[in-house]
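Protein chains in written order, with the numbering used here: chain C, 7 to 116; chain X, 7 to 116; chain L, 7 to 116; chain A, 7 to 116.
(1) Can you pull the chain A neighbours of residue 91 of chain X, defined as C-beta to C-beta under 9 Å?
(2) Look at the Cβ atom of residue 36 of chain X, then the Cβ atom of residue 80 of chain C, and state whether they are nearer than 8 Å.
(3) Can you give me the Cβ contacts of residue 17 of chain A inside the same chain, cut-off strictly under 7 Å, excluding the 5 residues immediately before and after it?
(4) Label residue 22 of chain L either buried or exposed according to how many other C-beta atoms from any shown protein chain fall within 10 Å of its C-beta, with 16 as the threshold for buried.
(5) Which residues mark the beginning and the end of the alpha helix (DSSP H) in which residue 81 of chain C is found?
(6) With a threshold of 7 Å on Cβ separation, who are the neighbours of residue 45 of chain A within its own chain once the five nearest residues in sequence on each side are excluded?
(7) Is the beta carbon of residue 99 of chain X sitting closer than 8 Å to the one on residue 69 of chain C?
(8) Indicate the three-state DSSP secondary structure (helix, strand or coil) for residue 106 of chain X in the structure shown.
(9) Which residue wins for smallest C-alpha separation from residue 13 of chain C, given the options X:38, X:60, X:96 and X:51?
(10) What's the C-alpha gap between residue 30 of chain C and residue 15 of chain A?
(11) In chain L, which residues lie less than 7 Å from residue 37 of chain X when you measure between Cβ atoms?
(12) Our contact map puts residue 54 of chain X next to residue 41 of chain L with C-beta atoms below 8 Å; I'd like the distance itself, whole angstroms only.
(13) Which residues in chain L sit within 9 Å of residue 66 of chain A, going by Cβ to Cβ distance?
(14) Shorter than 8 Å from the beta carbon of residue 86 of chain X to some beta carbon of chain L?
(15) Would you mind working out which of C:33, C:114 and C:61 sits nearest residue 59 of chain X, comparing C-alpha positions?
(16) Under 8 Å Cβ to Cβ from residue 65 of chain A, same chain only, skipping five residues before and after it: list those, please.
(17) Which residues in the same chain have their Cβ closer than 8 Å to the Cβ of residue 38 of chain L, if we skip the five residues on either side of it in sequence?
(18) Against residue 47 of chain C, what residues of chain A qualify as contacts under a CB-to-CB distance less than 7 Å, listed in chain order?
(19) Would residue 18 of chain L count as contacting chain A if we go by Cβ distances under 8 Å?
(20) Using a Cβ cut-off of 8 Å (strictly closer), state whether residue 15 of chain L contacts chain C.
(21) Give the straight-line distance between the Cα atoms of residue 27 of chain L and residue 112 of chain A, rounded to the nearest whole angstrom.
(22) Please compile the residues from chain X whose C-beta is within a distance smaller than 7 Å of the C-beta of residue 32 of chain L.
(23) When you compare only the Cα positions, how much space is there between residue 49 of chain A and residue 62 of chain C?
(24) Hey, how far is the Cα of residue 20 of chain C from the Cα of residue 52 of chain L?
(25) Please list the partners that residue 51 of chain L has in chain X, where partner means a Cβ-to-Cβ separation under 7 Å.
(26) Please specify which runs of the alpha helix (DSSP H), each continuous and at least 4 residues long, are wholly inside the segment 10-34 of chain A, giving them in chain order.
(27) Check residue 101 of chain X in the structure and name its three-state DSSP category.
(28) Does any residue of chain C have a CB that is nearer than 8 Å to the CB of residue 40 of chain A?
(29) Could you tell me the distance, in whole angstroms, from the CA atom of residue 94 of chain L to the CA atom of residue 43 of chain L?
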C-alpha cells in the first residue's frame with residue numbers, strides 16, 4: 007500500500023478517467039452514493055448463501071477471489087469519487103471516527 | 007492523505023480496536039460484507055430525497071456534512087476490515103481494476 | 007392476508023397518504039428505488055452480526071420482533087409505491103418470474 | 007391483484023419451489039434478508055445514472071420494463087420467503103405501520 011498506488015493517486019486517476027469519457031454529468035453525489043451502495047451489494051452477493059465458515063475460505067477459489075477483488079475495487083472507486091465530489095478526505099474522516107469510537111466503546115481493561 | 011493517517015495504519019488500528027473488544031468472532035467476511043452494504047445504504051439515505059442539485063450542496067450544511075463524513079468513515083472502516091480478513095490489498099485491487107477499465111472503455115480520441 | 011388489508015387497498019392508502027402530505031414530487035421512481043434499498047438494508051442490519059441459528063430465533067424477542075415487522079412494512083411500502091409510480095403489478099410480475107424459474111431450475115424428479 | 011395470483015398463494019408456491027430443490031438449508035432469515043437487500047440494489051441499479059425525469063419514463067423501453075418487473079419480482083419473492091421463515095404477515099405489518107405513520111405525520115388540514 008505505498009508508492010504510486012497510493013490512495014490520492016488512485017483518486018486522481020479515477021477523476022481523469024471520468025473526465026476523459028465526459029461522465030461528470032452523471033457523477034452527482036447522489037448518483038455516486040447510489041452506485042457505491044449497489045457495488046457494496048454486489049460484494050455481499052458473493053457471500054449471501056455461504057456459511058460463516060465458507061465465507062472465510064472464499065479466497066481459496068481463484069474465480070471467487072477475482073470476483074471479490076473486482077467488487078472491492080468498485081466499492082473503493084465509488085467511495086473515492088464520492089469523496090472527491092464532496093471534498094471529503096476519507097482518511098481524516100476514518101481517523102476521526104476511530105477516535106470517537108475509542109471513547110464510545112472503551113476497551114475492557116483500558 | 008499522508009503520514010500516520012495512511013490507509014495501512016488505519017487498517018491496523020481497526021484490527022487492534024476489534025481485537026481489544028473481542029469482536030473477531032463476529033467479523034467473518036460474510037458479516038463484514040453485510041455491514042459494509044448496510045453502511046453504504048446509510049450514506050445513500052442522506053441523499054435519497056434530494057434533487058441532483060441539492061445533493062451537490064450537501065456539505066454546506068454542517069450537520070449534514072458531519073453525517074456524510076461519519077458514514078464515509080464507516081464504509082471505509084468495514085471495507086478495510088473485510089480486506090484484512092480476506093488478505094485483499096484494496097489499493098492493488100483498484101489499480102488493477104482501473105487498468106482493466108482503461109482497456110474496456112477507451113477514451114475518445116485516445 | 008385477506009379483506010380490507012389486501013395489497014391493492016394498502017397500495018391505495020399509501021398513495022393517498024403521500025398525496026395528502028404533498029410528497030409526490032419526492033416520489034420519483036429513482037428516489038423510491040433508493041428508499042426501498044435503504045429500507046432493505048435496515049432489515050438486514052437486524053441480522054448482520056447474528057449466527058444463522060440466532061437469526062432463526064429473532065422473533066422470540068419482542069423488541070427485535072417489532073423491529074423486524076416495522077422494517078418489513080417499510081420495504082413493502084416502498085415496493086408498492088414504486089410499482090404504483092411505474093404501473094407495475096407486483097403479483098403478476100412475481101407470478102411470471104416463478105414460472106420462468108420453474109423452467110430454469112427444474113425440480114429433481116420432476 | 008386478485009384470484010389465484012394472490013399474495014398467500016404466491017408465498018406458498020415459493021415455499022414449495024424451495025423445498026422441491028432442497029434449498030431450505032440456505033434460506034435462514036439472515037441469508038434471505040441479505041438476498042432481499044441485494045435484489046433491492048439490483049432494482050436501484052436500473053435507475054442509478056438516470057435523471058429524475060428519465061426514471062419516470064423507464065417503462066417506455068420494453069427491455070428496461072422487463073428488467074424492472076424481473077427485479078420487482080425478486081424483491082417481493084425474498085420478502086415473502088423471509089416473512090414465511092419468520093412467521094410475519096407482511097400485510098398486517100404494513101397495515102399497522104400506516105396506522106402509526108398517520109399519527110406520526112398528521113396530514114395538513116386533517
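Yeah, the Cβ is synthetic: ideal placement off N, Cα and C, and Gly gets one too. Computed from a predicted structure; not experimentally measured.
In short:
(1) In chain A, no part has a C-beta under 9 Å from the C-beta of residue 91 of chain X; the shortest such distance is about 17 Å.
(2) No, the pair does not count as a contact, with Cβ atoms beyond the cut-off.
(3) Correct list, in chain order: 86 and 90.
(4) With fewer than 16 other beta carbons inside 10 angstroms of its own, residue 22 of chain L counts as exposed.
(5) Element bounds for residue 81 of chain C: 68-92.
(6) 77, 80, 81 and 84, listed in sequence order.
(7) Contact flag unset, no.
(8) Helix.
(9) Ranking the options by Cα distance to residue 13 of chain C, first place goes to X:96.
(10) Going from the Cα of residue 30 of chain C to the Cα of residue 15 of chain A covers about 47 Å.
(11) Ordered by position in chain L, the residues that pass the 7 Å Cβ test against residue 37 of chain X are 54 and 55.
(12) Confirmed, about 5 Å.
(13) Within 9 Å Cβ-Cβ: nothing; residue 66 of chain A doesn't reach chain L, min ~11 Å.
(14) It does not: the Cβ of residue 86 of chain X has no partner Cβ on chain L nearer than 8 Å.
(15) When each option's Cα is compared against that of residue 59 of chain X, the closest is C:33.
(16) Correct list, in chain order: 71 and 74.
(17) The residues 84, 87, 88 and 91, in chain order, have a CB closer than 8 Å to that of residue 38 of chain L in the same chain once the five nearest residues on each side in sequence are set aside.
(18) Result: 43, 44 and 47.
(19) With 8 Å as the cut-off, residue 18 of chain L does not count as an interface residue toward chain A.
(20) Output row for residue 15 of chain L: interface = no.
(21) In this structure, the straight-line span from the alpha carbon of residue 27 of chain L to that of residue 112 of chain A is close to 8 Å.
(22) Correct list: 55.
(23) Looking at the backbone, the Cα of residue 49 of chain A and that of residue 62 of chain C are separated by about 29 Å.
(24) Roughly 35 Å separates the two Cα atoms.
(25) Chain X residues near residue 51 of chain L: 44.
(26) As far as the segment 10-34 of chain A is concerned, its whole alpha helix (DSSP H) runs of at least 4 residues are 13-26.
(27) If DSSP states are grouped into helix, strand and coil, residue 101 of chain X belongs with the helices.
(28) Closer than 8 Å: yes.
(29) Straight-line Cα distance between these residues: approximately 18 Å.
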